[in-house]
Amino acid sequence: MSLEAILAGFGGQGVMLMGQILAYAGMCEDKHVTWFPAYGPEMRGGTANCSVVISKIPVGSPVISEPDLLVAMNRPSLEKFEKTVKPGGILCYNSSLIEIKPERNDLKVFAIPANQIATELGNSRVGNMVVMGAILELTQVVKLETVLKTLQKAFAGKKQNLIPVNQAALEAGMKLVQGK
Amino acid sequence: MSLEAILAGFGGQGVMLMGQILAYAGMCEDKHVTWFPAYGPEMRGGTANCSVVISKIPVGSPVISEPDLLVAMNRPSLEKFEKTVKPGGILCYNSSLIEIKPERNDLKVFAIPANQIATELGNSRVGNMVVMGAILELTQVVKLETVLKTLQKAFAGKKQNLIPVNQAALEAGMKLVQGK
Amino acid sequence: MERVFGKPAGLQEQEFHYCPGCTHGIIHRLVAESIDELEVRKRTVGIAPVGCSVTAYNYFNCDVQQAAHGRAPAVATGIKRVLPENIVFTYQGDGDLASIGIAEIIHAANRGEKITVIFVNNAVYGMTGGQMAPTTLLGQKTTTSPFGRDAESMGYPIKVVELLNTLTAPVFLARVSVHDPKQIVKAKAAIKKAFSAQVVEKGFALVEVLSTCPTNWGMAPVEAMKWVENQMIPQFPLGILRDFEEVAR
Amino acid sequence: MERVFGKPAGLQEQEFHYCPGCTHGIIHRLVAESIDELEVRKRTVGIAPVGCSVTAYNYFNCDVQQAAHGRAPAVATGIKRVLPENIVFTYQGDGDLASIGIAEIIHAANRGEKITVIFVNNAVYGMTGGQMAPTTLLGQKTTTSPFGRDAESMGYPIKVVELLNTLTAPVFLARVSVHDPKQIVKAKAAIKKAFSAQVVEKGFALVEVLSTCPTNWGMAPVEAMKWVENQMIPQFPLGILRDFEEVAR
Amino acid sequence: MAAVKFNAERCKGCELCVSVCPKQIVKMSEKFNSKGHRFATVTEQEKCLGCAFCARICPDVVIEIYK
Amino acid sequence: MAAVKFNAERCKGCELCVSVCPKQIVKMSEKFNSKGHRFATVTEQEKCLGCAFCARICPDVVIEIYK
Amino acid sequence: MAERLMMKGNEAIAEGAIQAGCRFFFGYPITPQNEIPEYMSRRMPEVGGTFIQAESEISAINMVYGAAGAGARAMTSSSSPGISLKLEGISYLAGAELPAVIVNVCRGGPGLGGLTPSQSDYFQATKGGGHGDYRMIVLAPASVQEILDLMYEAFVLADKYRNPVMVLADGLLGQMMEPVTLKEFQDLKIPAKPWATTGVGENERIRVINSLSLQGEGLELINQRLQQKYQTMDQQEVRYEEDGTAEADLIVVAYGTSARVAKSALDKARLQGRKIGLLRPITLWPFPTARLRELAEQGKKFLVIEMSAGQMIEDVRLAVEVTGVRANLFAKLNGAIPSVNEVYQAIMTTADKGEI
Amino acid sequence: MAERLMMKGNEAIAEGAIQAGCRFFFGYPITPQNEIPEYMSRRMPEVGGTFIQAESEISAINMVYGAAGAGARAMTSSSSPGISLKLEGISYLAGAELPAVIVNVCRGGPGLGGLTPSQSDYFQATKGGGHGDYRMIVLAPASVQEILDLMYEAFVLADKYRNPVMVLADGLLGQMMEPVTLKEFQDLKIPAKPWATTGVGENERIRVINSLSLQGEGLELINQRLQQKYQTMDQQEVRYEEDGTAEADLIVVAYGTSARVAKSALDKARLQGRKIGLLRPITLWPFPTARLRELAEQGKKFLVIEMSAGQMIEDVRLAVEVTGVRANLFAKLNGAIPSVNEVYQAIMTTADKGEI
Ligand SMILES: Cc1ncc(C[n+]2csc(CCOP(=O)(O)OP(=O)(O)O)c2C)c(N)n1
Ligand SMILES: Cc1ncc(C[n+]2csc(CCOP(=O)(O)OP(=O)(O)O)c2C)c(N)n1
Ligand code: SF4
Ligand code: SF4
Ligand code: SF4
Ligand code: SF4
């Protein structure tokens, strides 16, 4: 199973980390992967996005023009990238921050109240992992265990204590879209 | 009448000025002329030389490999350039400073005690004009009057007073080689 | 009721792209206010540096040239020599002015170019992601001094105003801060004075403004203001080191 | 009878290419004597500048790197960081150090690089034919200030030692002259001290040496020496501004 | 009698104004503006002194003072 | 009792040595060396103090002092 | 096998240098290569090396000059505007024959330009942006793993020829992450450098690092020696990668990032039954001229893909035009990365019409 | 007719600029061009202009940037190493589209090199030594009179295209004296520059001099505009001189000093009955490609004479090789000026054997 995804939001929403963990997990499952970031002109707090490719064959261009999957964590990202998604592709958007609805009807669209669920889980910063969970469930591109292993690495040391809440977020995200 | 000359000595002997005046005079007689300087690696008081071309047709390279005329005001210059002179060419050397004799016998060689004559004329710095006089006489490349006009220009203003002694030097130089 | 405080005419409508709480915005406003109050906007030419304020031409409401990294004082020299009647100012960060551009600022100052320099000292390279600057404090962690600035191999924070104060030509040299409203008022006065030095055709004027970089300092904006007060000021004492009016008297 | 004075081992046999009466030669000898007396010749690496002393590698009897114009302090930094046990010195003119190279010297000094800098201030660009230098005196005529240096458009002579004295790191800063035998003895002492700062691993040391350029000043050598004494010294006061031993005590 | 006006859309939620208000009447809203920042507002206008501390320290020219 | 030795070939004729000799025994020769410079010499060796003033100020390491 | 990990291209540049025994890094921040100095500032202390953030790019390259002249493996890195500032220094390194590695993580120009990836410094790197007749070996990696490997090569080649070597990447390669395998930290035999200025010690003659020659003839001799050295490099160090060139009708020539895009595009074209080959120069100088001419003589067509107005195209033309073949160009100007689709279109058109 | 006088090439560069209305000179000393700043320091005050000896070449080029952006005719001059230092600034001038004139009185490299004349900065000047896809018109005079005339052209072209223009001479042209005729001191109509930053005054919109574009697309648009401008230059500004090319079998291609030497040499060869022509590019960029190809199609042979390891030869090959013709090279390496005799030999061999 291979995937071309664009994950977008504003700085601080953890879209970059989300992408890296996804790619890393892909590597652990012996796939060819690339991760490529892009930042807006704003210094910080501006829009940021990354492209992740996970594939069985070596990856040519790490830059994606037509993603299979778009994650939009804030409104500008949705507005900027919605039109680029492959027909029939997946669109997950953060419904806690984005009040508008996507326009396209040729996509599998999922509204994910990421901030809300995160706050419920007691850590407003794990919204990205909620969405990550949803992606795993929807795409099956990598296994949950692999991602969890990756988290172990990513949060080794001081951040150890953050692992449980992130795991909870992942599972919440998966549940949210199960069977949808 | 056209001429390719190399004038060489050490800094302060006025070889550069000599060459410029020669070229300038050539211009005044509507010839094509070029003047090109070259300095040794020493900071100052080192060897210096200039190439002067005076010609009826436009001058290509201002750099001379085989001069018709060589003026050597000091020993290093003689040693460096003697071998380059065209067979049958003219060699004037400053016998007041150069104790050795030129080796070539296929040249018209003139020993000119420039410093000595200059000192006799009461200005040790006009040695270059003594040699200049000799050149004029030997090559007939430009007229004396033209050179004198040029001196007027060169020494206009403060240096006015230097003109007579320079003129005297020119004439002394001419006399020296007359009919030789 | 009438408006007693708001956006000065010296600023365009455009919102700043600076990070939340970054004091570049305050300094921009103070510059614009000074230009307004001296009524020189129409004959002012600004020079944007390379740094977070590289796009200053989107904010200042006057003609602007964007200069190569560190070379703003040379560019300002070129402009001022062509347009002696104009008011010419550079706006530079500490990487731009004190690192790559230290030669240009020293020689522009030494020639006594009649320009105004706004020197924003935030102790790091902001735009490129928080690397060490010449003004980084000892022990301060940055992305290129991850274990803290160590005097033995990285040297000491450079005091630009004191350095320039050894030169004869400059007519106004000051260091101010914008960490609280009181200081902001003082900073404004100094900046305005630095511009007025050109209006009365005195000569080279520079104001160093201690500024924050919450993003790269990894601090909340309010916390960053405290850091300026408690950490930076002891190292970079505030004050007016040279003043053409003092001299005049 | 035994030889009590002559060519130091720190100099090669090669004759200098300098103009008659140029004090570069004296300064070369003092450097070489210092190297001899400290017995460090075998582990010394010199850096030749771009200037009349560009061919210093033909004179100093130690390993030498020739550096790009003004960059000798950066080159010295590279060498010293690789060879901390070696004695590394730069020999630079005023165009090289105070004009194009002012950024490099300030930052090497500020980092406290453990190097010795011999700064030859002859108030002009010698090699290129007597153009104005940052150290040219007001009113002094040069080939690029034909009507004399004019403060209004060309600024003031820069006092390098005073400028560097605003930095924290340097351990030895002095200005000396070689215009008469007495001063030459003092100059020698300062230069030797500046080298010894490395021997005892102290830090950055710089000696500014007032020097002549008879050729481009258009003076006889003896006259040039008088000019240093009467014109240059009043502008560039002699003395030791910083001394690691003083500090030690 | 003074009035302070916040332009919520320009606000980046840095909270500097909150930190300097002598009357502590500047508060951060629960809502986000379109850029996603929680923005500053003034509660109890009537208490405002018009000292402009908030406006002076605001890096983004969000605040206007009227008198 | 001291002796001063001049290496005429290295001399550039700058006359600095002449200017500093307290005994004024350093003089310029009438002759030129091969580089074309009039070179310095010492007259009346016996008067030499060996103060090395000339040697110290000579830019071209022409002068040696013996004691 | 050593463990695989995800690395940014910029980190690979830094780690690759350390693996190659580089212990002296002198640099100045500039996007998109900041991870290099940042990584070095953390890593060098661990391996007993030295990291200095210089006051400028100029200072950095001259620190490299001093360190290289003192016998160390030293490097600097920057991006386009910063590299322009280093050109005097690079010319000095070449003139003084000092081994050093310069990395250019190229960005869009001219002037301050932008932060987007670009290949518009090809001329600067290959024809000598600096003054005088010098050449550098220019290595152009196309993946993070290759970056790691070529950094090692770069230092070996620099020492082998006593010549600066440039690694030319771009913002995309610098910023992207890919899996890499680190070779074991082997200690390397860095060649002896008797010419280095380490103090004369007991040696007879002093050593001089220099690029000046005041007597004209001297300079001519130096340049003769340099030109001979460059010829040897040209004969021995050409590197390139080929993919399906033998059976291809159309050869796509591209390096670095555009080679990656080209690869995706030509895979697509092959699905359409077109016979497309890829020749990816790994050394931009020396350039694979001989091989390209060989292919041209077999009557193949050529399409060059560049993220510039067309620079490498000149070297391709110099290689193939004598054979009567013309080379086509698809140029993506600074500011954007070519999309797989537009390159695919270019390939199809050239394959079918013979030209764009 | 105005009076004739002897002038040094460097003086002609300076006086020519003044005649062209240049009133702002920013420079830094370097041999062999010191007469330029020295002349300017005397002359500018006479014409109410400004001379500044900058603290460095970098500062000088950035002063030019500021002055040009303020609407003035401004210039700087230097020689090879100094030009390398100006390349970032030149790229900025091109990116910000500012008119300015840069003079390179080329000397031998690489590194500090030597003071002898050279042509080894051809690539740097014509292919953009600086970063990014920019081009400059490069004018190559071959006599002191032509220097005087081309300095005027340089400023006109710079304003016409809002682009930096380089005048590429060498130490020989700079140092030699030849007779010249000064045109009367006419006052010139310098075009209005509404884009210049002179203070908004009563204008609606502020003016910005800038080369930055943070959004990628923006940068692509800028580069498209620049490339279109460069195409126009390429179509309209090619300048060259021909001598006996029509009847010639062998065309010698040379510029500047080497064209002078070539002229003497081919006159000699003609005396031997050989049919030799000379094509002397006056603009090195844009290059007389079309004309050379025309001549190649007539089946002529080509010999390039350069004072470098061979740089212009590439542009000649790009012009002629498509026609199946090969170009020969006589390269004189940095350090010496080719003698008339050696060039004569090269011409004779090529004329007779068809190649060297
Ligand atoms: C020649 C060159 N070198 C480096 C850079 C990269 N660069 C951009 S901004 C910057 C430093 C910014 O720091 P500072 O001047 O302190 O301003 P701040 O961003 O902190 O306001 C650097 C090094 C560049 N653009 N050009
Ligand atoms: C980059 C560069 N710029 C300029 C020059 C030309 N240049 C050679 S020496 C010199 C200045 C020499 O003056 P100074 O440093 O005072 O030394 P001095 O000759 O007086 O001893 C200059 C500008 C150069 N070689 N390289
Ligand atoms: S990075 Fe720092 S300096 Fe730059 S805008 Fe953000 S806070 Fe301000
Ligand atoms: S030019 Fe001046 S500094 Fe240079 S050697 Fe001659 S006298 Fe000395
Ligand atoms: S003006 Fe003063 S009192 Fe009113 S809100 Fe702002 S800070 Fe508070
Ligand atoms: S000082 Fe030295 S060089 Fe000068 S005259 Fe005396 S001996 Fe000769």
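Chains as they are written, first to last, in numbering that gives the first Met the number 0: chain A, 0 to 179; chain E, 0 to 179; chain B, 0 to 248; chain Z, 0 to 248; chain C, 0 to 66; chain U, 0 to 66; chain W, 0 to 355; chain V, 0 to 355. From the three backbone atoms N, C-alpha and C, an ideal C-beta is built for every residue, glycine too. These figures come from a predicted structure and were not determined experimentally.
Asked                                                                                                                       : Found
Short Cβ contact (8 angstroms threshold) for Asp-248(V) with Lys-274(V)                                                     : yes
Inter-residue Cα distance where the pair is Gly-94(V) and Ala-55(B)                                                         : 18 angstroms
Check whether Ala-97(B) and Pro-72(B) have beta carbons under 8 angstroms apart                                             : no
Cβ distance (whole Å) where Asn-333(V) is taken to contact Asp-169(W) below 8 angstroms                                     : Not confirmed; about 32 angstroms, so no contact.
Contact set for Val-41(C): own chain, Cβ-Cβ below 7 angstroms, skip 5 residues either direction                             : Val-3, Phe-5, Ile-24, Val-25 and Cys-47
Buried or exposed (CB count within 10 angstroms, at least 16 for buried), Arg-248(B)                                        : Low local confidence applies: a pLDDT of 47 at Arg-248(B) is under 50, so the model's placement there is unreliable, and no value is given.
Check: Thr-142(Z) C-beta below 7 angstroms from any heavy atom of ligand 2                                                  : no
contact_flag[the segment 116–133 of chain Z, the segment 70–81 of chain V] where n(CB pairs < 8 angstroms) is 3 or more     : no
Contact test: Cys-254(Z) Cβ vs ligand 6 heavy atom, cutoff 7 angstroms                                                      : The structure shown does not extend to residue 254(Z), since chain Z spans only 0 to 248, so no value can be given for it.
Test: Met-0(W) CB closer than 8 angstroms to a CB of chain V                                                                : Here Met-0(W) scores only 48 on pLDDT, less than 50, and its place in the model should not be relied on; the value that follows carries that caveat. No, its Cβ sits nowhere closer than 8 angstroms to a Cβ of chain V.
For Cys-27(E), the first and last residue of its enclosing alpha helix (DSSP H)                                             : 14–27
From Phe-146(Z), Arg-241(Z) and Leu-172(Z), residue whose alpha carbon lies closest to that of Val-206(Z)                   : Leu-172(Z)
Beta strand (DSSP E) segment containing His-31(E), residue limits                                                           : 31–38
Within chain B, partners of Arg-43(A) - CB distance below 7 angstroms                                                       : Cys-18 and Thr-214
Expected contact under 8 angstroms - CB spacing of Tyr-239(V) and Ile-281(V) to nearest Å                                   : 5 angstroms
Where Thr-83(A) falls: helix, strand or coil (DSSP)                                                                         : helix
Cutoff 6 angstroms; reference Ile-97(E); Cβ partners in own chain excluding five residues on either side                    : Arg-74 and Leu-77
Whole-angstrom distance between Phe-15(Z) and Ile-64(U), CA atom to CA atom                                                 : 20 angstroms
Residue range of the alpha helix (DSSP H) that includes Lys-300(W)                                                          : That residue, Lys-300(W), is in no alpha helix (DSSP H); its beta strand (DSSP E) goes 300–305.
Sequence-distant residues of its chain with Cβ nearer than 6 angstroms to Ile-29(W) (five each side left out)               : Ser-77, Ser-78 and Gly-81
Own chain partners of Ala-333(B) with C-beta closer than 6 angstroms, once the 5 adjacent residues on each side are dropped : Since the first residue shown for chain B is 0 and the last is 248, residue 333(B) is missing from the structure and cannot be characterised.
N-terminal and C-terminal residue of the beta strand (DSSP E) that Val-104(V) is part of                                    : 99–105
Beta-carbon proximity list for Glu-236(W), same chain, < 8 angstroms, skipping 5 on both sides                              : Ile-136, Leu-156, Thr-282 and Pro-285
Exposure of Ile-183(Z), with buried meaning 16 or more beta-carbon neighbours within 10 Å                                   : buried
Nearest candidate by alpha-carbon position, reference Lys-66(C), set Asn-215(B), Met-0(B), Pro-19(B) and Pro-236(B)         : Met-0(B)
Interface residues of chain C facing Phe-9(A) [CB-CB closer than 7 angstroms]                                               : Gly-35
Residue interval of the beta strand (DSSP E) (run including Lys-7(W))                                                       : 3–7
Proximity to Gln-32(V) [Cα-Cα], best of Lys-7(V), Met-165(V), Thr-196(V) and Gly-48(V)                                      : Lys-7(V)
Three-state secondary structure (DSSP) of Ser-94(A)                                                                         : coil
Length at least 4, wholly inside the segment 259–308 of chain V: the alpha helix (DSSP H) runs in chain order               : 288–296
His-31(A) vs Pro-61(A) beta-carbon contact at 8 angstroms                                                                   : no
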